[in-house]
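Notes for the one structure printed next.
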């Protein structure tokens, strides 16, 4: 299995047990050259249909149940999810009152033109290692804005130099970095999308390697540009270096660093701010009892472990204008016994809503290596649905959402308020425009740039 198959958005599955991944078709049949790819079960089924070998729906469901297995207690609560793969007549009736993929969405004073968003995906391409974006980043983000995405969320951007995941991460830890962002933000807005940015500190998962640095999956030595890491407690992630525990004063300083970075983001023109509290990075490390063994006010019960995030949210909310939406990306479960789970996510989401968070971006995993994650299309959508319904807060859904009808059904069922297209958007910057065509939506109702109308589907 290649490293490309083991990464999704800005979460790295390397070091995790993902037994179901081989059976997942990550690309739609019309994307790219599939001739060299191994045949999947879906392709075999298609071949059988061509030769008149049809399987009954009951046979298909029985086979699906037999092969699915029970991978964790958290996911068992949603084992009936696949039984709702087709939208029922009742769902169809209700879905008429629900927004479609291309319906606008207003958050505070910002209106997003549709519900198809680009999630933050690490590019590791600040090659000068100064945190500044480059012409690559302009091309990458602005092309997706022209491609019809409603919100373009820029990748993990460090609030401190030691908070970078790799030496080649982007940053907004000093005022001198603001100007480097403006042309990219302006380009996204001119193309009709809402520019957002994800602010992050990697904590114990900082100073790791990437394609541009080497040391893939390892801590980068200091002589190669790496640095000591920090975390809530002196607990290492997998084989990475052991971090030192943060002092309370340092925690307070990091709260200020998030607020300052948010202020710089607004100065650069970003219209929305996302706080990264998922995937095992610093805020996530505070949330999960498996990585937080503190006995002070930042550890212990849920209130203590979530204190850092709540303080960051309050600081960011106070640093940006009232009309700027604040989003939080959360891991709804870390797929590990005794760790962060859905119930805690729902309870925290209710608190964050009271503190001015506008949207929860619901993902999963990242705190522990070696856990089993049932990776398959829509595998994280049930968690988004639960947060939306039980915390009464808008959510976005992620997790191998690759096809137009798949994305449309998520909204039609009311499982999320927006979908984020990650891997598929790397293959196709114009995924929303192609999706509209697949769904039969007239090109006049789709966000084509005037320059590209002549080439509309």
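In our numbering, the protein residues as written are -19 to 437.
All C-beta atoms, glycine included, are put in the ideal place defined by N, C-alpha and C.
Here's the rule: buried if 16 or more other CB atoms are within 10 angstroms of the residue's CB, otherwise exposed. What is residue i?
{"i": "residue 283", "result": "exposed"}
{"i": "residue 434", "result": "exposed"}
{"i": "residue 425", "result": "exposed"}
{"i": "residue 427", "result": "buried"}
{"i": "residue 378", "result": "buried"}
{"i": "residue 32", "result": "Low local confidence applies: a pLDDT of 46 at residue 32 is under 50, so the model's placement there is unreliable, and no value is given."}
{"i": "residue 441", "result": "This structure leaves residue 441 out entirely; the chain is present only between -19 and 437."}
{"i": "residue 431", "result": "exposed"}
{"i": "residue 271", "result": "buried"}
{"i": "residue 202", "result": "exposed"}
{"i": "residue 317", "result": "exposed"}
{"i": "residue 420", "result": "exposed"}
{"i": "residue 135", "result": "buried"}
{"i": "residue 415", "result": "buried"}
{"i": "residue 230", "result": "exposed"}
{"i": "residue 27", "result": "The predicted position of residue 27 is uncertain, since its pLDDT is 42 and thus under 50; a value taken from the coordinates is nonetheless stated next. That one is exposed."}
{"i": "residue 337", "result": "buried"}
{"i": "residue 408", "result": "buried"}
Taking the alpha-carbon of residue i as reference, which of the options has the nearest alpha-carbon?
{"i": "residue 423", "options": "412, 430, 411, 437", "result": "437"}
{"i": "residue 370", "options": "425, 356, 312, 380", "result": "312"}
{"i": "residue 236", "options": "391, 136, 154", "result": "154"}
{"i": "residue 388", "options": "355, 408, 417", "result": "417"}
{"i": "residue 193", "options": "290, 280, 298, 104", "result": "104"}
{"i": "residue 340", "options": "181, 252, 126", "result": "252"}
{"i": "residue 224", "options": "414, 150, 184", "result": "184"}
{"i": "residue 248", "options": "406, 354, 414, 113", "result": "113"}
{"i": "residue 368", "options": "329, 350, 349, 430", "result": "329"}
{"i": "residue 122", "options": "78, 171, 148", "result": "171"}
{"i": "residue 256", "options": "182, 280, 246", "result": "182"}
{"i": "residue 319", "options": "204, 348, 242, 197", "result": "348"}
{"i": "residue 269", "options": "238, 215, 244, 366", "result": "215"}
{"i": "residue 267", "options": "321, 244, 242", "result": "321"}
{"i": "residue 372", "options": "394, 356, 95, 354", "result": "394"}
{"i": "residue 346", "options": "265, 331, 127", "result": "265"}
{"i": "residue 429", "options": "99, 125, 116", "result": "125"}
{"i": "residue 246", "options": "83, 196, 297, 229", "result": "297"}
{"i": "residue 438", "options": "332, 261, 159, 120", "result": "Since the first and last residues shown for the chain are -19 and 437, residue 438 lies out of range."}
{"i": "residue 118", "options": "162, 86, 374, 353", "result": "162"}
Within the same chain, show all residues whose beta-carbon is closer than 7 angstroms to that of residue i, passing over the 5 residues directly before and after it, in chain order.
{"i": "residue 404", "result": "382, 411"}
{"i": "residue 344", "result": "311, 312, 313, 315, 360, 363"}
{"i": "residue 221", "result": "199, 209"}
{"i": "residue 80", "result": "388, 391"}
{"i": "residue 287", "result": "277, 278"}
{"i": "residue 438", "result": "Given that the chain is displayed from residue -19 to residue 437, the structure contains no residue 438 and the question cannot be resolved."}
Give every residue of the same chain whose Cβ lies closer than 8 angstroms to the Cβ of residue i, excluding the five residues on either side of it in the sequence, and list them in chain order.
{"i": "residue 97", "result": "129, 130, 131, 132, 133, 376, 398, 399, 400, 401"}
{"i": "residue 390", "result": "358, 361, 377, 381, 396, 399"}
{"i": "residue 165", "result": "175, 248, 249, 250"}
{"i": "residue 406", "result": "101"}
{"i": "residue 440", "result": "Here the chain covers residues -19 to 437 and nothing more, so residue 440 does not appear."}
{"i": "residue 385", "result": "418, 419"}
{"i": "residue 243", "result": "299, 300"}
Over what stretch of residues does the alpha helix (DSSP H) that includes residue i continue unbroken?
{"i": "residue 234", "result": "228 to 248"}
{"i": "residue 366", "result": "361 to 371"}
{"i": "residue 164", "result": "158 to 170"}
{"i": "residue 386", "result": "384 to 392"}
{"i": "residue 416", "result": "411 to 418"}
{"i": "residue 404", "result": "403 to 407"}
In terms of residues, what are the limits of the beta strand (DSSP E) holding residue i?
{"i": "residue 220", "result": "Looking at the DSSP string, residue 220 is not in any beta strand (DSSP E), and its letter there is neither H nor E."}
{"i": "residue 448", "result": "Coverage of the chain is limited to positions -19 through 437, which leaves residue 448 absent and any answer about it impossible."}
{"i": "residue 175", "result": "174 to 180"}
{"i": "residue 342", "result": "339 to 343"}
{"i": "residue 398", "result": "398 to 400"}
{"i": "residue 190", "result": "188 to 190"}
{"i": "residue 197", "result": "194 to 199"}
Leaving out five residues before and five after residue i in sequence, what residues of the same chain have Cβ atoms less than 6 angstroms from its Cβ?
{"i": "residue 273", "result": "213"}
{"i": "residue 303", "result": "88, 89"}
{"i": "residue 217", "result": "184, 185"}
{"i": "residue 480", "result": "A query on residue 480 cannot be resolved here, the shown segment of the chain reaching from -19 to 437 and no further."}
For chain C, check one thing: does any of its Cβ atoms lie closer than 8 angstroms to the Cβ of residue i?
{"i": "residue 209", "result": "You won't find chain C in this structure, because it holds only one protein chain."}
If you measure from the CB of residue i, is any heavy atom of the ligand MG nearer than 7 angstroms?
{"i": "residue 89", "result": "Judged by which ligands are present, the structure shown has none, so any question about the ligand MG falls away."}
Mind listing, in chain order, the continuous beta strand (DSSP E) runs of no fewer than 3 residues lying wholly within the stretch 255 to 334? 306 to 311
Report the residue ranges of all beta strand (DSSP E) runs contained in full by the stretch 120 to 148; include only those spanning at least 3 residues, in chain order. 131 to 138
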